[in-house]
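Below is one structure, written out as structure tokens; the observations come after it.
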Amino acid sequence: MSYNGNVTVGGPAQSHELAHLTITKIAVGPFNNNCYLLRCSSTGEQLLIDAAAEPERLISLIGDPGIATVVTTHQHADHWGALADVIEATGARHAAHPIDAEGIPSPVDLPVEDGDTVLVGECSLRAVHLVGHTPGSIALIYDDPEGPPHVFTGDCLFPGGVGNTQKDAERFDTLISGVTTKLFDVLPDETWVYPGHGSDTTIGAERPSIDEWRDRGW
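Numbering (the numbering used here), first residue to last: 401 to 618.
Written out as structure tokens, the structure is:
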């Protein structure tokens with residue numbers, strides 16, 4: 401099966417094979433959360449983005465190689481429901497932004513702030529701090545040396561808009577401004593976007609709608 405990013409809860413995972421990194425996407429839990437298992441092709445080291453729910457499925461997906469790191473994109477409970485079980489099973493370290501750390505029950509032993517690098521084997525992910533959905537949300541950018549970038553946006557950017565800011569105008573303005581300046585203004589149209597829920601998209605597919613999002617206020 402070629403990768404298209406359309407996965408369903410209870411259905412099979414899909415893997416996006418890049419030159420140096422394999423990205424495996426699976427949907428779990430009652431809120432249709434996406435979890436992403438990243439594997440460095442050179443070293444075999446693995447990293448999981450958002451241990452959201454269904455720990456048994458995630459641990460099975462991880463398999464015998466285990467994982468070195470779990471990154472939690474933000475503090476909302478639907479993104480860390482399986483975190484404690486996955487860490488216990490794998491011994492992985494836990495990375496998150498320190499501002500959101502107090503809202504995540506599992507201790508953060510790798511604080512990640514804007515511009516920090518998170519490694520998975522020989523591949524590096526660049527953290528981007530985005531404020532608005534939560535105070536300490538992060539996106540992770542993989543600058544593929546053989547192709548366009550890939551960005552994991554948590555709940556900050558989806559097909560059709562930015563994340564939920566509960567109709568708070570100040571939070572919305574902060575979030576859309578951050579997404580615009582830190583993602584749209586620096587990433588090419590070909591950038592693949594992996595959101596925290598639902599289907600994938602690209603920067604180019606969403607770029608024409610930014611003004612519309614600003615006008616509607618969500």
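Glycine included, each C-beta is placed from N, C-alpha and C at the ideal position.
- Contact between residue 420 and residue 441 holds, with the beta-carbon distance rounding to 5 Å and staying under 8 Å.
- Beta-bridge pairing by DSSP links residue 434 to 427.
- Residues 403, 423 of the same chain have their beta carbon placed closer than 6 Å to that of residue 416, with the five preceding and five following residues left out of the count.
- Closest in alpha carbon position to residue 434, among 459, 446, 407, 443, is 407.
- DSSP, reduced to helix, strand and coil, places residue 608 within a helical segment of the structure shown.
- Annotated as distal: residue 493 and residue 519, with beta-carbon spacing of 7 Å or more.
- For a cut-off of 8 Å, the C-beta gap from residue 589 to residue 604 is around 3 Å, short enough to register as a contact.
- Boundaries for residue 482: no beta strand (DSSP E) harbours it, and the DSSP string shows neither H nor E there.
- Spatial neighbours of residue 489 in its own chain (CB-CB distance under 6 Å, excluding positions within 5 residues in sequence) are listed in chain order as 459.
- Per DSSP, residue 505 is not a residue of any beta strand (DSSP E), being assigned neither H nor E.
- With contacts defined by Cβ atoms closer than 7 Å, residue 586 and residue 553 do not form a contacting pair.
- For the 7 Å CB-CB criterion, residue 418 and residue 451 do not form a contact.
- Taking C-alpha positions only, residue 565 is separated from residue 533 by approximately 5 Å.
- Here residue 472 carries a coil assignment [DSSP, helix/strand/coil].
- Distances from the CA of residue 455 to each of 491, 443, 474, 428 were compared; the closest alpha carbon is that of 428.
- Measuring C-alpha to C-alpha distances from residue 582 to each of 559, 568, 531, 597 identifies 531 as the nearest.
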